[in-house]
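Trainee: Numbering (the numbering used here), first residue to last: 1300 to 1615. A virtual CB, placed ideally from N, CA and C, is assigned to each residue, including glycine. Please read all numbers here as calculations on a predicted model, not as lab measurements. I am attaching a structure below and will ask some questions about it afterwards.
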Amino acid sequence: MLISLLVLPALAGIPVVHDGGDPAAHVAAAAERTGLPADQLTAIDVSTLLDEPPSALGKGVVRRCARTPARMTDVRTQLVRADAAVAEGDAVSVFDHLDLALAQLGCLTEVADPDEVALGFLLRGALAAEQGDTEAAQSEIRTALAFDADVVWPPGYPVAGQEILAAELTDQIRHDVRVVPDDTGAGPWVDGAEVGETTPLAEGLHLIQYGSRQGLQSAWMVVDGPAALVVPDRFPARVLDTFLDAEAHQEAALLLAAALDDFEAAYVAHRDGLWLVVAESAGASVEELVAGEPLPVVVEQPEPEPKGKKGRRRTK
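Right, dumping it as structure tokens:
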């Protein structure tokens, strides 16, 4: 209880996350148990958090789609036009087509083709190197390698970036990026490849794709260190049940940290229990203030024996 008394009074509108019932009753109970004024607490139904878009905790930033959904055929069209512009020596058109392809990739509704996307970023890196922007070239080529670690320099591309490609092949800094929640079926996909709970990613830009109730969605993620990618849509509706198990509530705490605006701390009110979730540098910590009522034990009933099969008929 001490942490709630020392930390939280300085905050305004502290969330009280619940999964239904009377919001005022949840606030009143939290106020009584913590000693905080009710007007410093705000009831929030967890279902609203599950509708939030993905976000990153730790050393990562998610850039979500800000245009109409796109298909890989749309991206492919822009990449083909960019290649044609290279052959014609039209540098302005090359950048225009590549920029449009980049925007469309962040709004894909299907899994990206990593080989084709890698060539697009390789071309962006080649042009940046040709213009003398080594830092930008390194960033673009690093992203190309994230999509295809075996990408080779295509004929006709400006040769200025070939040395940068060779250097990036042997000199990449990687950080573990955790996907939350895990064990939720197909996906997510990073840079066109399906990944597990934790995957090492090079510093820089990565395409994140995930299944949702609205279908497959995409976003760009910039990685600058260890991070967690939290996808609220993939949590179960009864996610607050995990607070009843001290060994299982960490992912739910990360949901609150990622989905609540300007998260610093929040209470969880569930099954007559109360927990305090506080922001930490790499996520969130949980303190149980009042234990919740255990979930009822479900006893499976044996299936009734089919009629007419009470016993075997004797054979004479």
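Between the alpha carbons of A1400 and R1375, how many angstroms are there, rounded?
Mentor: Looking up residue 1400 in the sequence shown gives position 101. Looking up residue 1375 in the sequence shown gives position 76. When rounded, the distance between both Cα atoms is 8 Å.
Trainee: Can you tell which of D1470, L1543, R1441 has the C-alpha that lies nearest to the C-alpha of G1503?
Mentor: Counted from its first residue, the sequence shown places residue 1503 at position 204. Cα-wise, what sits closest to G1503 is R1441.
Trainee: Let me know the secondary structure DSSP gives G1419 once reduced to three states.
Mentor: Here residue 1419 corresponds to residue number 120 of the sequence shown, with the count starting at 1. Correct three-state label for G1419: helix.
Trainee: So, with DSSP's three-state summary, where would you put H1325?
Mentor: In the sequence shown, counting from the first residue as 1, residue 1325 sits at position 26. Of the three classes helix, strand and coil, the one that applies to H1325 here is helix, per DSSP.
Trainee: Between the beta-carbon of V1345 and the beta-carbon of A1337, is there less than 8 Å?
Mentor: Here residue 1345 refers to the residue found at position 46 when the sequence shown is read from its first residue. Here residue 1337 refers to the residue found at position 38 when the sequence shown is read from its first residue. For V1345 and A1337, no; Cβs fall outside 8 Å.
Trainee: Pairs of beta-carbons, one from the segment 1456 to 1471 and one from the segment 1518 to 1536, closer than 8 Å: are there three or more?
Mentor: Contact fails: fewer than three Cβ-Cβ distances are below 8 Å.
Trainee: Report yes if the C-beta of L1504 is less than 7 Å from at least one heavy atom of the ligand NAP; otherwise report no.
Mentor: This structure simply doesn't include the ligand NAP, nor any ligand for that matter.
Trainee: Quick test of your reading: A1617 and A1427, contact by CB under 8 Å. State the CB separation rounded to the nearest angstrom.
Mentor: Residue 1617 falls outside the range modelled here, since the chain spans only 1300 to 1615, and no answer is possible.
Trainee: Do we get a CB-CB distance below 8 Å when we pair L1426 with the residues of chain D?
Mentor: Here chain D cannot be found, since the structure has a single protein chain.
Trainee: Looking at P1353 and I1507, is the spacing between their C-beta atoms short of 8 Å?
Mentor: By one-based count along the sequence shown, residue 1507 stands at place 208. By one-based count along the sequence shown, residue 1353 stands at place 54. A contact, by the Cβ cut-off of 8 Å.
Trainee: Who are the Cβ neighbours of G1359 in its own chain at under 8 Å, not counting the five residues just before and after it?
Mentor: As a working mapping, residue 1359 is identified with position 60 in the sequence shown. Closer than 8 Å at the Cβ level, and outside the excluded window around G1359, lie V1476, M1520, V1521, V1522, D1523, G1524, A1526, A1527, L1528.
Trainee: Helix, strand or coil for Q1403, going by three-state DSSP, please let me know.
Mentor: Working through the sequence shown from its first residue, we reach residue 1403 at position 104. Helix, per DSSP.
Trainee: Using a threshold of 8 Å, state whether the C-beta atoms of D1571 and E1592 are closer than that.
Mentor: As a position in the sequence shown, residue 1571 is number 272, starting the count at 1. As a position in the sequence shown, residue 1592 is number 293, starting the count at 1. Cβ atoms of D1571 and E1592: closer than 8 Å.
Trainee: Are the CB atoms of A1381 and L1340 nearer to each other than 8 Å?
Mentor: Along the sequence shown, read from residue 1 onward, the residue named residue 1381 stands at position 82. Along the sequence shown, read from residue 1 onward, the residue named residue 1340 stands at position 41. The answer is no: Cβ separation not under 8 Å.
Trainee: Which residues in the same chain have their Cβ closer than 6 Å to the Cβ of P1547, if we skip the five residues on either side of it in sequence?
Mentor: Along the sequence shown, read from residue 1 onward, the residue named residue 1547 stands at position 248. Reading off the sequence, residue 1547 comes out as Ala, not Pro. For A1547, where only same-chain residues beyond five positions count, the Cβ hits under 6 Å are T1541.
Trainee: DSSP state of L1559, grouped into three classes?
Mentor: Looking up residue 1559 in the sequence shown gives position 260. Here L1559 sits in coil by DSSP.
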